[in-house]
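Chemist: In the numbering used here, the protein residues as written are 81 to 429. Positions of the beta carbon are idealized from the N, C-alpha and C atoms, including for glycine. After the structure tokens below, expect a handful of questions from me.
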Amino acid sequence: MNSSSPFPDNHSTSSDSVDIPPEVYEALISWSVKLNSGIASNDVMQQLLSWRAQNPLHEAAWQKLNKIEQHFDQFPITSKPIVTETFSIADQQKSALTTRRRRLKRLSLAAMIITATALLANQYTPWHQEAHYATGIGERETVILADGTQVMLNTNSEIDVNFSLFKREIILQRGEIYIETSKDKESLVGRRSFLVKFEQTALEAIGTKFSVNNQTSNTKLYVTEGIVEIQPNNYAPVRAYAYESYTMLEGTSAPIKINTTDQVMNMDPMAWIGGVLVVKQMRLDEFVTELSRYQDITIICDADVAHLKVSGVFQLNQEEPVGHALKAISRTLQVSIDKKNRAVIISKK
């Protein structure tokens, strides 16, 4: 695990594919329009043949287009709605004088253009990306997605990435992530929506930096820059602004705002990015629960010391972060730290 080294972008193609520049596809679309206009002359056909012979890439692009037309049902899923919508609009706009033959020509032209556009869109990142990332207990990892978005995974976290022509989605399976979204400048359709989904809620980033912590009983959002719109099922969306924090309880879709000036905000939600755990007046049992995320060890906190308060900065980049942290609090609190049957027991001294 190397948190400073991003994953490489997925630009590789299959062994029998040809890397065709976008400008060639743009020229191909222009030829498609001419050929399907219904008035293409012999001169146009000769010019097309000449264009195909000029460069092997021209011919390769032409063959790819023909192949896709012959297997129209094999369109990428993200492209099918475009074709369907184009067909529908074209049919709705027909005039009383439009013949069936002209309608078919118009639909054929639309399909040809959409085919070439879809071919271009799916040939290059960041149009499409499907990936899975996960960290083990005590690990952190930074990945850079196809659009330039940076995602950092905290300990024991797992995400699925699904990018298509029109949207970008991250499915947070478990754990905690920090995201700095890109401006998506390379997108053909403008800035695509960016969603983080978990359970019954989606978070839409509006040019922002934020963290999401998805644990067993609740999920917490903390925004450091920009805006994040919380979109719970069956509830009105709520917008979270910079330095605001919300929690979403298990079984409750409505988000609850956390007052960051109250003592309830007793842990720095972003400190883990720097490899530390920063707490202020946190209950000992809650501190133990948070600390145990970073090491595969069982910690038992007796009820008679659970209410004690912990404050401090605790390093996470150590081989045994739990042992070092508990040793530190034993010097400030009236507690004993003992090991029994591969578990650590915290009791009253």
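Give a yes or no on contact between the segment 365-375 and the segment 400-408, applying the rule of three or more CB pairs nearer than 8 Å.
Modeler: yes
Chemist: Considering only the beta carbon of each residue, do SER391 and GLN361 sit closer than 8 Å?
Modeler: Yes, the Cβ-Cβ distance between SER391 and GLN361 is below 8 Å.
Chemist: Report buried or exposed for MET125, applying the criterion of at least 16 other Cβ atoms within 10 angstroms of its Cβ.
Modeler: Around the beta carbon of MET125, fewer than 16 other beta carbons lie within 10 angstroms, which makes this residue exposed.
Chemist: If LYS277 sits next to ILE259, beta carbons under 8 Å apart, how far is it from one beta carbon to the other, in whole angstroms?
Modeler: About 13 Å separates the two Cβ atoms, so there is no contact after all.
Chemist: For the beta strand (DSSP E) that contains VAL241, what are its first and last residues?
Modeler: Run containing VAL241: 238-243, per the beta strand (DSSP E) assignment.
Chemist: Just the Cα atoms here: how many angstroms apart are PRO317 and ARG248?
Modeler: 19 Å
Chemist: Would you kindly work out how many angstroms separate the C-alpha atoms of VAL358 and LEU145, rounded to a whole number?
Modeler: 57 Å
Chemist: Here's the rule I'm using: 16 or more other beta-carbon atoms within 10 Å means buried, otherwise exposed. How should ARG422 be labelled?
Modeler: exposed
Chemist: Can you check which of these residues, LEU406, ASP384, ILE353 and MET345, is closest to VAL368 by C-alpha distance?
Modeler: LEU406
Chemist: Out of GLN209, HIS208, GLU238 and GLY228, point me to the one whose CA is closest to GLU221's CA.
Modeler: It is GLU238 whose Cα lies nearest to the Cα of GLU221.
Chemist: In angstroms with no decimal places, state the Cα-to-Cα distance between LEU108 and ALA133.
Modeler: 13 Å
Chemist: Please state whether DSSP places LYS263 in a helix, a strand or coil.
Modeler: coil
Chemist: Could you tell me if ILE256 is buried or exposed, where buried requires 16 or more neighbouring beta carbons within 10 angstroms of its beta carbon?
Modeler: Reading off the sequence shown, one finds Glu at residue 256, where the question assumed Ile. Under this definition GLU256 is a buried residue.
Chemist: Quick one: which unbroken alpha helix (DSSP H) runs of 4-plus residues sit fully inside the segment 344-380? Chain order, please.
Modeler: 364-371
Chemist: Compare the C-alpha of ILE425 against each of GLN395, ILE380 and ILE409 and name the closest.
Modeler: ILE380
Chemist: Since GLY228 contacts SER262 with CB under 8 Å, what's their CB separation in whole angstroms?
Modeler: 4 Å
Chemist: Pull the bridge partners of ILE218 from the DSSP assignment, please.
Modeler: Reading the sequence as shown, one finds Gly at residue 218 and not Ile. Residue pairing for GLY218: DSSP places it in no beta bridge.
Chemist: Note down, in chain order, each residue of its chain lying with its Cβ closer than 8 Å to the Cβ of ILE417, except the 5 sequence neighbours on either side.
Modeler: LEU406, LYS407, SER410, VAL424, ILE425 and ILE426
Chemist: On the DSSP bridge list, what partners appear for PHE290?
Modeler: Note: PHE290 sits in a beta bridge opposite ILE259 and VAL303.
Chemist: Determine the burial state of GLY216: buried for a count of at least 16 other Cβ atoms within 10 Å of its Cβ, exposed for fewer.
Modeler: exposed
Chemist: How about ASN298 and LEU275: are their beta carbons less than 8 Å apart?
Modeler: No, Cβ-Cβ distance for ASN298 and LEU275 is not below 8 Å.
Chemist: Hey, would you say ILE353 sits closer than 8 Å to MET345, going by beta carbons?
Modeler: no
Chemist: Is it buried or exposed for LEU129, if we count other Cβ within 10 angstroms and need 16 for buried?
Modeler: exposed
Chemist: So ALA320 and ILE310 are supposed to be a Cβ contact under 8 Å. How far apart are they, rounded?
Modeler: 6 Å
Chemist: Just to confirm my understanding: we take ALA211, look at its own chain, exclude 5 residues before and 5 after, and list those with CB closer than 6 Å. What are they?
Modeler: VAL241
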